[in-house]
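Data first, discussion second: the structure below is written as structure tokens.
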Amino acid sequence: MARIVAGLATSHVPAIGIAMDQGKTGEPYWKPLFDGYDPARKWLAKLDPDLIVLVYNDHGSAFSLEVIPTFAIGVAEKFLPADEGWGPRPVPVVNGDPKFAWHLAESLILDEFDMTIVNDMTVDHGLTVPLSIVCGQPEKWPCPVIPLSVNVVQYPPPTGKRCFDLGRAIRKAVKRYDDDLRVLILGTGGMSHQLHGERAGLINSEFDKSFLDDLSRQPQRLVDLPHIEYVREAGAEGIELVMWLVMRGALDDDVTEIYQHYHVPASNTATGLLILENLTE
Amino acid sequence: MARIVAGLATSHVPAIGIAMDQGKTGEPYWKPLFDGYDPARKWLAKLDPDLIVLVYNDHGSAFSLEVIPTFAIGVAEKFLPADEGWGPRPVPVVNGDPKFAWHLAESLILDEFDMTIVNDMTVDHGLTVPLSIVCGQPEKWPCPVIPLSVNVVQYPPPTGKRCFDLGRAIRKAVKRYDDDLRVLILGTGGMSHQLHGERAGLINSEFDKSFLDDLSRQPQRLVDLPHIEYVREAGAEGIELVMWLVMRGALDDDVTEIYQHYHVPASNTATGLLILENLTE
Amino acid sequence: MNNFDDIPGTYLFDKDRCHEGYHFNMFCKSLTEPKNRDDFKANEEGYLDNWQLTQSQRQSVLDRDWLGMIKAGGNIYYTSKIAATDGHSFQYIAALMSGTTENEYRKMMVDGGRSIEGNRSLSEKG
Amino acid sequence: MNNFDDIPGTYLFDKDRCHEGYHFNMFCKSLTEPKNRDDFKANEEGYLDNWQLTQSQRQSVLDRDWLGMIKAGGNIYYTSKIAATDGHSFQYIAALMSGTTENEYRKMMVDGGRSIEGNRSLSEKG
Ligand SMILES: [Fe+3]
Ligand SMILES: [Fe+3]
Chain A
34 MARIVAGLAT SHVPAIGIAM DQGKTGEPYW KPLFDGYDPA RKWLAKLDPD LIVLVYNDHG
94 SAFSLEVIPT FAIGVAEKFL PADEGWGPRP VPVVNGDPKF AWHLAESLIL DEFDMTIVND
154 MTVDHGLTVP LSIVCGQPEK WPCPVIPLSV NVVQYPPPTG KRCFDLGRAI RKAVKRYDDD
214 LRVLILGTGG MSHQLHGERA GLINSEFDKS FLDDLSRQPQ RLVDLPHIEY VREAGAEGIE
274 LVMWLVMRGA LDDDVTEIYQ HYHVPASNTA TGLLILENLT E
Chain B
34 MARIVAGLAT SHVPAIGIAM DQGKTGEPYW KPLFDGYDPA RKWLAKLDPD LIVLVYNDHG
94 SAFSLEVIPT FAIGVAEKFL PADEGWGPRP VPVVNGDPKF AWHLAESLIL DEFDMTIVND
154 MTVDHGLTVP LSIVCGQPEK WPCPVIPLSV NVVQYPPPTG KRCFDLGRAI RKAVKRYDDD
214 LRVLILGTGG MSHQLHGERA GLINSEFDKS FLDDLSRQPQ RLVDLPHIEY VREAGAEGIE
274 LVMWLVMRGA LDDDVTEIYQ HYHVPASNTA TGLLILENLT E
Chain C
1101 MNNFDDIPGT YLFDKDRCHE GYHFNMFCKS LTEPKNRDDF KANEEGYLDN WQLTQSQRQS
1161 VLDRDWLGMI KAGGNIYYTS KIAATDGHSF QYIAALMSGT TENEYRKMMV DGGRSIEGNR
1221 SLSEKG
Chain D
1101 MNNFDDIPGT YLFDKDRCHE GYHFNMFCKS LTEPKNRDDF KANEEGYLDN WQLTQSQRQS
1161 VLDRDWLGMI KAGGNIYYTS KIAATDGHSF QYIAALMSGT TENEYRKMMV DGGRSIEGNR
1221 SLSEKG
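Chains as they are written, first to last, in our numbering: chain A, 34 to 314; chain B, 34 to 314; chain C, 1101 to 1226; chain D, 1101 to 1226.
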């Protein structure tokens, strides 16, 4: 039987990837941020999961406005880094796990989640930057990754409750899997940021810190938070935070908070990172 | 306020479209089938709906195995007939209603249906043959049509319960729409047929007739019917019948059965047609 | 457990068949464009070289072995696009897949189709 | 009713903006291919002729009026692909959209970003 052993949430700011790809992580602007990533990398190396389910959003890279899936799951053997306008990131190819991914897709659809199944797709910074954050710059990523993309670009994204419930259904699907895998779930995006309009650059640290705290201890407040509160309080693009609820829903009710990190700024964005472990692990 | 006034379910066999396009509807093979469509055409002309929500499946035409949405809704201004390998059908362009379609998409997503929103797509026989069946061969279709596509090609399709509940959510969304529209909902596909393998040509009239009867009077039996029963009893491709449940879910619990028609064969398929009206209309 | 494999003569297009047949079905899908149909008709072998087909998928296409295509991961809605390119109907390939002629198959359908009796499960069939 | 329009300086990419901006954003999306970027850079006007843009969308691109693009139905994740083609970052266009220079904007961010106070709603702003 497979089981979810832990969850990690992190921002996925493109500039973080660029800083790593261009070797700037030691510069004064970036150092405090990356110093905060060290404990997460050590934790991940020690956890050594067999598989990562990575919840993220595509930013007009693999998908476009032509076809906008609310939830999409990648079942391919591998996923190439996307060209987002400045060429693909120089990071390893992401290996999937078709057997697990198809199991997950099938289980979720039979559990009444209306997944879009994707056999061929690239992955953009939304997926590769979190991997860089938690793995550094390895020759290859440490384990297979299942891309699970959530629409947060076109309004309306799924509700917080729907995201949390998706996490619950993922947990069920993992438990139903025969092979004995230790699975890590990642939720990505956020924290507060607005990239467009006259209000660009908005940061709400109070909101972010409550979000980090409540996600471990009282997620129900966040499950019930309406979209407009994200947009108003955390910036229009801060609505990405709903994806952290998928991660939280996939964990047990009671979890151990292992690590928390918060830093402002990375480019336009407040960055957060949170590690939670199931007590049973 | 918009409201759903009636529902109609019908098979969408490509050969029916070809028979019409090639002027063969008077031939002995086809005449009994098309004679049975006359009352439905008269009924529709009299009903004169302002808009049709047409639940169907794409057969590798607009979509492919690259991206497989469980539920997709077309929000474009218009939809061109697809080339399915023998050129597009010579039927009118299908006009959408972006304002209504976007309202429906938004409402369904906020109601926790994980819709895929589609801005650009063609429509294949799954959508155009039902229009031909109920409208004949007009210069233009009588009203705008919202394409709502359901995956029934790749296993697993959504469950019968999920389809029925989608219908319920469509009903709610229609009621929330400000303009005073009279909406007809169409469910298409089926009835019993198997197109592939050594069992091709399977017809189960007993199953089909119970399905027709129960859909009006005791839909709950069908809502609970597992996928394997469709495949076993109605043929592998007979699983398209789950789409009739979307139509039924969009209607009131109690409906008036207006018309029923059943004929074998059309090509490989048993064909059925059922018209239900809400009592309040 | 549901057991779709117990249903005779039926190849449910499930996750395994999709995984096996992805590139094959995408080749079939390409035939929805007139230019691709022309290219395929002009040079089948050459056209197939553009797609990552397994040997048995490739041979089933060249042989128009319709049941073989299904067994090799083809989905009927996709393989039917080869039939359409050839000018054949769904009924034509259905007849061949079930091991009969188009005329006999057509007659079976006019007579009410293949009976469900004896066709529900392999165990029932014995 | 939710009222996203009450949030200052914010253009929620909702159904109306998607409907208005569909072709515009698909033009932006095309710039994720190197060949298309080259073509666009070689002849902006000519490249834009291939896409059904409104006059204000077209002009906003030619003028690199980043806020104008958003107001005309552009989505930031799509318009940023024009910035990427130009060699500019998200931060560069964010600065221009909010009416300041890149340096001042960068300083604002290092100092903790734009405050939420006074930026929650138009009514609050008064
Ligand atoms: Fe993002
Ligand atoms: Fe069909």
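Using N, Cα and C, we set each Cβ at its ideal position, and we do this for glycine too.
Neighbourhood of residue i by C-beta distance below 7 Å, restricted to the same chain and skipping five residues each side
i: C176 of chain B; result: P82, D83, L84, I85
i: N237 of chain A; result: S225, E266, A267
i: A233 of chain A; result: Q227, N301
i: I37 of chain A; result: R204, V207, V216, I218, A283, L284, N311
i: D287 of chain A; result: L312
Close Cβ partners of residue i (< 8 Å) along its chain, the five nearest in sequence each way excluded
i: D241 of chain A; result: G223, M224, S225, A267, Y295, A303, G305
i: Y263 of chain B; result: G271, I272, L274, V275
i: G1213 of chain D; result: none
i: P47 of chain A; result: E117, H158, V162, S300
i: P189 of chain A; result: H260
i: E1204 of chain C; result: A1195
i: E1145 of chain D; result: L1162
i: K1181 of chain D; result: C1128, K1129, L1131, T1132
i: P131 of chain B; result: V108, A109, E110
Sub-8 Å separation of residue i and residue j beta-carbons
i: L1120 of chain C; j: G1168 of chain C; result: Inspection of the sequence shows that residue 1120 of chain C is occupied by Glu rather than by Leu. Their beta carbons are not under 8 Å apart, which means E1120 of chain C does not touch G1168 of chain C by this criterion.
i: G40 of chain B; j: I218 of chain B; result: yes
i: D90 of chain A; j: F1190 of chain D; result: Note that residue 90 of chain A corresponds to Asn in the displayed sequence, not to Asp. In this structure, F1190 of chain D does not lie closer than 8 Å to N90 of chain A by Cβ.
i: W156 of chain B; j: A35 of chain B; result: Strictly speaking, residue 156 of chain B in this sequence is Val, with Trp absent from that position. Their beta carbons are not under 8 Å apart, which means V156 of chain B does not touch A35 of chain B by this criterion.
i: A105 of chain A; j: R204 of chain A; result: no
i: M1230 of chain C; j: E99 of chain B; result: Outside the modelled stretch of chain C, which goes from 1101 to 1226, sits residue 1230 of chain C, for which no answer is possible.
i: K111 of chain A; j: V124 of chain A; result: no
i: V185 of chain B; j: N1175 of chain C; result: no
i: G129 of chain A; j: V178 of chain A; result: yes
i: G220 of chain A; j: A95 of chain A; result: no
i: A1195 of chain D; j: T1201 of chain D; result: yes
i: G193 of chain A; j: L278 of chain A; result: yes
i: N152 of chain A; j: Y1122 of chain C; result: yes
i: L248 of chain A; j: L255 of chain A; result: yes
i: P252 of chain A; j: F197 of chain A; result: yes
Bridge-paired residues (DSSP) for residue i
i: Q293 of chain B; result: B:L307
i: D116 of chain B; result: B:P121
i: Y89 of chain B; result: B:S182
i: R1214 of chain C; result: B:L235
i: I37 of chain A; result: A:V216
i: I101 of chain B; result: A:I150
i: N128 of chain B; result: B:K111
i: L84 of chain A; result: A:V216
i: V156 of chain A; result: A:P114
i: H226 of chain B; result: B:T302
i: T1179 of chain C; result: Partner(s): none; T1179 of chain C has no beta bridge.
Own chain partners of residue i with C-beta closer than 6 Å, once the 5 adjacent residues on each side are dropped
i: A269 of chain B; result: Q227
i: L165 of chain A; result: Inspection of the sequence shows that residue 165 of chain A is occupied by Ser rather than by Leu. Excluding positions up to five away in sequence, the list reads G50, M53.
i: L245 of chain A; result: Q293, G305, L307
i: Y1192 of chain D; result: E1202
i: T149 of chain B; result: P102, A105
i: I291 of chain B; result: I308, E310
i: R1137 of chain C; result: L1131, T1185
i: R1158 of chain C; result: L1148
Segment contact, 8 Å Cβ cut-off, at least three pairs: the region 133-145 of chain A with the region 1153-1171 of chain D: No, the region 133-145 of chain A is not in contact with the region 1153-1171 of chain D.
Residues of the region 135-165 of chain B with Cβ closer than 7 Å to any Cβ of chain D, in chain order: Residues W135, E139, N152.
Three CB pairs or more closer than 8 Å across the region 1112-1132 of chain C and the region 115-122 of chain B: Segment contact: the region 1112-1132 of chain C against the region 115-122 of chain B, three or more CB-CB distances shorter than 8 Å; contact assigned.
Short-range partners of chain D found in the region 218-250 of chain A, where Cβ spacing is below 9 Å: Residues S225, H226, Q227, L228, H229, G230, E231, R232, A233, G234, L235, I236, N237, S238, E239, F240.
Chain A contacts made by the region 1116-1132 of chain C, where a contact means CB separation under 7 Å: Flagged, chain order: H1119, Y1122.
Under 8 Å (Cβ pairs) to chain C, residues found in the region 60-87 of chain A: Residues passing the 8 Å Cβ filter: none.
Contact list for the region 1101-1113 of chain C against chain B, Cβ threshold 9 Å: Listed by position, the residues of the region 1101-1113 of chain C near chain B (Cβ gap below 9 Å) are N1102, N1103, F1104, D1106, I1107, P1108, G1109, T1110, Y1111, L1112, F1113.
Contact between the region 1103-1117 of chain C and the region 1214-1224 of chain C (3+ Cβ pairs under 8 Å): Cβ pair count under 8 Å is three or more, so yes.
Validate contact between the region 1144-1151 of chain D and the region 1112-1127 of chain D using beta carbons, cut 8 Å, 3 pairs: Using a Cβ-Cβ distance cut-off of 8 Å, the region 1144-1151 of chain D and the region 1112-1127 of chain D are in contact, since at least three pairs of beta carbons, one from each stretch, lie closer than that value.
Near-chain D residues of the region 183-211 of chain A (beta-carbon distance less than 7 Å), N- to C-terminal order: Answer in chain order: V186, Q187, Y188.
Residues in the region 96-122 of chain B having any Cβ partner in chain A nearer than 9 Å: The residues in question are F96, S97, L98, E99, V100, I101, P102, T103, F104, A105.
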